[in-house]
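Trainee: The following block contains the structure, expressed as structure tokens.
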């Protein structure tokens, strides 16, 4: 029965859009009453999350192909971002639902639960990538890639966390602008602009110095 509701939600997303999903519509399409849904899902955001995951397969299938083109961990990291940007800017609402939307506590368990119920979606994914794809937390996903670059000396240890956070914030900012119609970018243009920023940040990380808190806030400055 759990799958009936997920499939019904996915159909509504495909036919009407993610913003049109309601408990009543899902219940009607699945052939059950609304109260039954709450026996399986504590809130509608969880239902939208699981249904949105079904639209991620083109991304999860393609990211290994992108990464295998990289000659070193840093190139693989940027290629992983390129694939992520390509798909996220083409489907911003889906990626927002999976990676940004507030799901309450323990979202990683929701991700694990999804792949337990749909194991066939992992068939084409290499074993070394599965732990990363099981991770919804963007900071943890990014750091996994960067740690390989750190081990081989491509980036400095003291900059890993800052680089990780900066790249995520750039992507989140562009995705938010896209969703809110703040920027009139085509998906490929949004990807190109974002990747230019990310590449410059990563390839020039040695000029940054993030140790300590050097910036003095105006409220703390003497007149």
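In full-length UniProt numbering, the protein residues as written are 1 to 223.
Even for Gly, the Cβ is constructed at its ideal location relative to N, Cα and C.
It should be emphasised that the depicted structure is a prediction, and the values quoted were computed from it without experimental measurement.
Ends of the alpha helix (DSSP H) at residue 214?
Mentor: From DSSP, residue 214 is part of no alpha helix (DSSP H); its letter is neither H nor E.
Trainee: For the alpha helix (DSSP H) holding residue 164, just list the boundary residues, first then last.
Mentor: 160-179
Trainee: When the Cβ atoms of the segment 179-189 are set against those of the segment 49-61, are three or more pairs found closer than 8 Å?
Mentor: Taking 8 Å as the limit for Cβ pairs, the verdict is that the segment 49-61 does not touch the segment 179-189.
Trainee: Could you check the C-alpha separation between residue 139 and residue 201 for me, to the nearest Å?
Mentor: 16 Å
Trainee: Ignoring anything shorter than 4 residues, give me the alpha helix (DSSP H) runs that lie fully in the segment 32-96, in order along the chain.
Mentor: 34-37, 44-53, 57-67 and 73-90
Trainee: Suppose the cutoff is 7 Å on Cβ atoms and the five residues either side in sequence are ignored; what does the same chain contact list for residue 48 look like?
Mentor: 9, 18, 21 and 97
Trainee: Near residue 143, which residues of its chain fall below 8 Å by C-beta distance, leaving aside the five closest residues on each side in sequence?
Mentor: If we look at residue 143 and ignore the five residues flanking it on each side, its Cβ neighbours are 160, 161 and 164.
Trainee: Can you round the beta-carbon distance between residue 81 and residue 167 to whole angstroms, since I take them to be within the 8 Å contact cut?
Mentor: 7 Å between Cβ atoms; contact.
Trainee: Enumerate in chain order the residues of its own chain whose CB-to-CB distance from residue 91 is below 7 Å, with the five nearest sequence positions on each side excluded.
Mentor: 55
Trainee: Taking only the alpha-carbon atoms, compute the straight-line gap between residue 148 and residue 67 and give it to the nearest angstrom.
Mentor: 13 Å
Trainee: CB-CB under 8 Å to residue 3, same chain, minus the five flanking residues each way: which ones, in chain order?
Mentor: 117
Trainee: Around the C-beta of residue 1, are 16 or more other C-beta atoms found within 10 angstroms, so that it is buried, or is it exposed?
Mentor: exposed
Trainee: Pick from 30, 14, 199 and 25: whose alpha carbon is nearest that of residue 5?
Mentor: With distances taken between Cα atoms, residue 5 lies closest to 30.
Trainee: Apart from the five residues just before and just after residue 126, which ones in its own chain have a Cβ nearer than 8 Å to its Cβ?
Mentor: Non-local C-beta neighbours of residue 126 in its own chain, meaning closer than 8 Å and more than five positions away in sequence, comprise 64, ordered along the chain.
Trainee: With respect to the alpha helix (DSSP H) encompassing residue 4, which residues constitute its N-terminal and C-terminal limits?
Mentor: Following the DSSP letters along the chain, one finds residue 4 inside the alpha helix (DSSP H) bounded by residues 2-16.
Trainee: Measure how close the beta-carbons of residue 156 and residue 206 come, nearest whole angstrom, since I'm counting them as under 8 Å.
Mentor: 6 Å
Trainee: Have a look at residue 209 and residue 27 and give me their C-alpha separation to the nearest angstrom.
Mentor: 54 Å
Trainee: First and last residue of the alpha helix (DSSP H) that includes residue 198?
Mentor: For residue 198, the enclosing alpha helix (DSSP H) stretches over residues 187-203.
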